[in-house]
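Note that the numbering used here numbers the sequence shown so that position 143 is 143, with each residue one more than the last. Here the structure comes first, spelled out in C-alpha cells, and everything after it is commentary.
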Amino acid sequence: MDAHQNAGPEQSWHELRDTGLGFAVTYVRELGGGGGHRVEQRFAAAFPERRRVEFLAGREALHRALDAVGLDRGPVLCDGPRPRLPVGVRASISHSQGVAVALAGPAEHFRTVGIDLELSGPPLAAAHLVLGPAESGLLDPAAPDATERLLALYSAKEAAFKALSPLVDGDALPGLRAIRLTAGPDGWHASPVARPDLAVQVTVRRTAGGVLSWALPT
Ligand SMILES: CC(C)(COP(=O)(O)OP(=O)(O)OC[C@H]1O[C@@H](n2cnc3c(N)ncnc32)[C@H](O)[C@@H]1OP(=O)(O)O)[C@@H](O)C(=O)NCCC(=O)NCCS
1 MDAHQNAGPE QSWHELRDTG LGFAVTYVRE LGGGGGHRVE QRFAAAFPER RRVEFLAGRE
61 ALHRALDAVG LDRGPVLCDG PRPRLPVGVR ASISHSQGVA VALAGPAEHF RTVGIDLELS
121 GPPLAAAHLV LGPAESGLLD PAAPDATERL LALYSAKEAA FKALSPLVDG DALPGLRAIR
181 LTAGPDGWHA SPVARPDLAV QVTVRRTAGG VLSWALPT
C-alpha cells in the first residue's frame, strides 16, 4: 500500500507524467451535464442517461490527457467497444462511480496503453471469473485482505485487457481469465495465455475508495 491511500486518482499524476504520458481525471460533478466534444455529445445523446454521463466524462478526461501531450485532434467516437483514436495516438479510458480517468501518448513511444479505475470490485465468490487456473496462488480467499487483493488483481487485469486487446484478435482474449498475471519487482507482468510473447507491465496504486491501475509496454 502506498502512503496516499486516501487521495484521489490525481495522486498518480507525477508518476505517470514521468513516463511521458498525458493523464487526466474528470469528475462528473464538475461537468454540469456536459463534457467532451460537441460531436461526442451528439453521438451520446440517445444513450441511456447513466451511460451518456460516464461516456462524456471519459471523453472529457481523454481530451485533457491528449491535450497534456499535444495530441488532441478533435472528437473521438467508437470503434466497437474501443475509442476510435487518431492515427499515431495511443490512449485508454476508465470510469467508475462518477469519476473518469484517461491516459494518452504518442504511438511512436507507446505501442499500447491501458488504464483502469475501480472504486468497487467483484465479490470473492467471483474470483474464478477473474483468475485463471495458473493464478490460484495469487489470492488466499481466507486472508483478511482477500477482497482488497482481489480488487487490485481485477483492476490490474482490466488495465492489461485494454492494453492487450488492440494487439490481438478477439479469440486470443475472450476475457480476464485469458490473461496471465505474474508478480514482478515493480508490479505485475501480464500476457495473453494464448500469446505469451506479448506482454505489458501493470502498476497498481491505491486511491480513495479503490485502485487505479495502468498497463504499459514492457
Ligand atoms: C472492456 C473492459 C475491460 C472494460 O472495463 P470496465 O471496468 O467494464 O469499464 P471501464 O470504465 O474501466 O472502461 C470502459 C472503457 O474501456 C474502453 N474499452 C472497452 N473495451 C475495450 C477494449 N476491448 N480494448 C480497449 N479499450 C476498451 C472504452 O474506452 C470504454 O469506455 P467508453 O465506452 O466510454 O469509451 C471490461 O468490460 C471487459 O470486457 N472485461 C473482460 C471480460 C471479463 O472477463 N469479465 C470478467 C469480469 S469478473
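All residues carry an ideal CB built from backbone N, CA and C; glycine is no exception.
In terms of residue numbering, what span does the beta strand (DSSP E) encompassing residue i cover?
{"i": "A146", "result": "That residue, A146, is in no beta strand (DSSP E); its alpha helix (DSSP H) goes A146 to L164."}
{"i": "G184", "result": "I179 to G184"}
{"i": "V200", "result": "V200 to T207"}
{"i": "L117", "result": "G114 to E118"}
Using the rule of at least 16 other Cβ atoms within 10 Å of the residue's Cβ for burial, across every protein chain shown, is residue i buried or exposed?
{"i": "R90", "result": "buried"}
{"i": "V205", "result": "One point to set straight first is that residue 205 is Arg, not Val, in the sequence displayed. Buried, because 16 or more other Cβ atoms sit within 10 Å of the Cβ of R205."}
{"i": "E118", "result": "buried"}
{"i": "G80", "result": "exposed"}
Would you say residue i touches ligand 1, meaning its beta carbon is less than 7 Å from a heavy atom?
{"i": "E54", "result": "yes"}
{"i": "L258", "result": "This structure cannot speak to residue 258, because the chain is shown only from 1 to 218."}
{"i": "P166", "result": "yes"}
{"i": "L176", "result": "yes"}
{"i": "L129", "result": "yes"}
{"i": "S92", "result": "yes"}
{"i": "P86", "result": "no"}
{"i": "A126", "result": "yes"}
{"i": "P144", "result": "no"}
{"i": "R82", "result": "yes"}
{"i": "F110", "result": "no"}
From residue i to residue j, what does the alpha carbon distance come to, in whole angstroms?
{"i": "L198", "j": "R38", "result": "37 Å"}
{"i": "H4", "j": "D145", "result": "Its pLDDT being 45, under 50, H4 is placed unreliably by the model, and the measurement read from it follows with that caveat. Rounded to whole angstroms, H4 to D145 spans 18 Å at the Cα level."}
{"i": "V101", "j": "R51", "result": "15 Å"}
{"i": "L153", "j": "A68", "result": "29 Å"}
{"i": "L150", "j": "H189", "result": "16 Å"}
{"i": "D186", "j": "T203", "result": "7 Å"}
{"i": "L62", "j": "A44", "result": "15 Å"}
{"i": "A65", "j": "A142", "result": "40 Å"}
{"i": "P192", "j": "E49", "result": "34 Å"}
{"i": "E108", "j": "G88", "result": "7 Å"}
Quick one: give me the first and last residue of the alpha helix (DSSP H) that residue i is part of.
{"i": "F55", "result": "E49 to A68"}
{"i": "F43", "result": "R38 to A44"}
{"i": "R17", "result": "W13 to R17"}
Validate contact between the stretch 18-31 and the stretch 45-60 using beta carbons, cut 8 Å, 3 pairs: yes
Contact between the stretch 162-180 and the stretch 111-126 (3+ Cβ pairs under 8 Å): yes
The stretch 120-135 contacting the stretch 171-184, beta-carbon criterion three pairs below 8 Å: yes
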